[in-house]
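K.L.:
The numbering used here puts the first residue of the sequence shown at 7, with every later residue one more than the last.
Beta carbons: idealized from backbone N, C-alpha and C, even for Gly.
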Amino acid sequence: MLGLSVTRLRDFTQHLFLKDSFDFFYLSEARFATTFTAQFDGRSLGEAAAVPYILWGQLRPLAFQLIRGKELPKSFSVVLVYPKEKTAAMLAAAGREALSEDLPSLYLNLNYRQEQLKLTTGISEKSFYPDFELPKLWDREVSAFLASLGLDEAVAPL
């Protein structure tokens, strides 16, 4: 599991709330505490939903409206889910094919409290692979993603 502290909060939050950098992730859940608390369940409604979650890009404008203002938010928590097609491509590139129903869920957790933003990775596996180092692969994928945004210098290990 990767644990990072965001050292350049402004740069990181611009990518999260103002740019489309994270828009391809799905939203599992989010909670924002300002003068009031707003909580979101990212699950798609309806039994016929093709994907179980909504895209972060669908909620991002509303999330930005919630946190913007003269004062910093008291806290926020955003749990993002890596898309299954990207997970499958990442596994295939590492030489590990997986059936679509066996694909793990890969999470990116963002927690802001006391003017500090922390980022952690997480995994929920449906199948156990004793010879496969999925957490390291996911951590490298997140690190490469942050580097592609120029955010690798905006974070430091916890």
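1. Under three-state DSSP, which class holds G48?
2. Considering only DSSP beta bridges, list what Y88 is partnered with.
3. Which residue or residues does DSSP assign as beta-bridge partners of V12?
4. Along the chain, where does the beta strand (DSSP E) that runs through A39 open and close?
5. Label V57 either buried or exposed according to how many other C-beta atoms from any shown protein chain fall within 10 Å of its C-beta, with 16 as the threshold for buried.
6. Between which two residues does the alpha helix (DSSP H) containing K142 stretch?
7. Could you tell me which of L72, Y59 and A150 sits nearest to S50, measuring between CA atoms?
8. Would you mind giving the Cβ-Cβ distance between S27 and L114, rounded to the nearest angstrom? I have them listed as a contact below 8 angstroms.
9. Locate the alpha helix (DSSP H) running through L65, then write down its first and last residues.
10. Looking only at its own chain, which residues have a Cβ that is under 7 angstroms from the Cβ of P67, when we skip the five neighbours before and after it?
11. Can you tell me which of T13, E35 and F70 puts its alpha carbon nearest to the alpha carbon of L24?
12. Pull up the distance between the alpha-carbon of E121 and that of F46, whole angstroms please.
13. What do you reckon, are the CB atoms on P110 and K80 nearer than 8 angstroms?
P.N.:
Inspection of the coordinates gives the following:
1. Walking along the sequence shown from the start, residue 48 turns up at place 42. In the structure shown, G48 sits in coil (DSSP, three-state: anything other than H, G, I, E or B).
2. Position 82 of the sequence shown, counted from the start, is the residue given in the question as residue 88. Partner(s): none; Y88 has no beta bridge.
3. The sequence position of residue 12 within the sequence shown is 6, counting from 1. Per DSSP, V161.
4. Within the sequence shown, numbered from 1, the residue matching residue 39 stands at position 33. Per DSSP, A39 belongs to the beta strand (DSSP E) from Y32 to A39.
5. Within the sequence shown, the letter at position 51 stands for residue 57. The residue in question, V57, is exposed, as its Cβ has fewer than 16 Cβ neighbours within 10 Å.
6. Reading the sequence shown from its first residue, position 136 is the one you call residue 142. Element bounds for K142: L140 to S154.
7. As a first step, residue 50 must be located in the sequence shown, where it is residue number 44. Measuring from the Cα of S50, the nearest candidate turns out to be Y59.
8. The count along the sequence shown starts at 1 and reaches residue 27 at position 21. The count along the sequence shown starts at 1 and reaches residue 114 at position 108. About 12 angstroms separates the two Cβ atoms, so there is no contact after all.
9. In the sequence shown, the residue the question calls residue 65 occupies position 59. From DSSP, the alpha helix (DSSP H) with L65 extends over W62 to I73.
10. Locating residue 67 in the sequence shown gives position 61, where the first residue counts as 1. Nothing listed; no residue qualifies.
11. On the sequence shown, residue 24 is found 18 positions in, with the first residue counted as 1. It is F70.
12. In the sequence shown, the residue the question calls residue 121 occupies position 115. In the sequence shown, the residue the question calls residue 46 occupies position 40. Going from the Cα of E121 to the Cα of F46 covers about 22 angstroms.
13. As a working mapping, residue 110 is identified with position 104 in the sequence shown. As a working mapping, residue 80 is identified with position 74 in the sequence shown. No; because the gap between Cβ atoms is not below 8 angstroms, this pair is not in contact.
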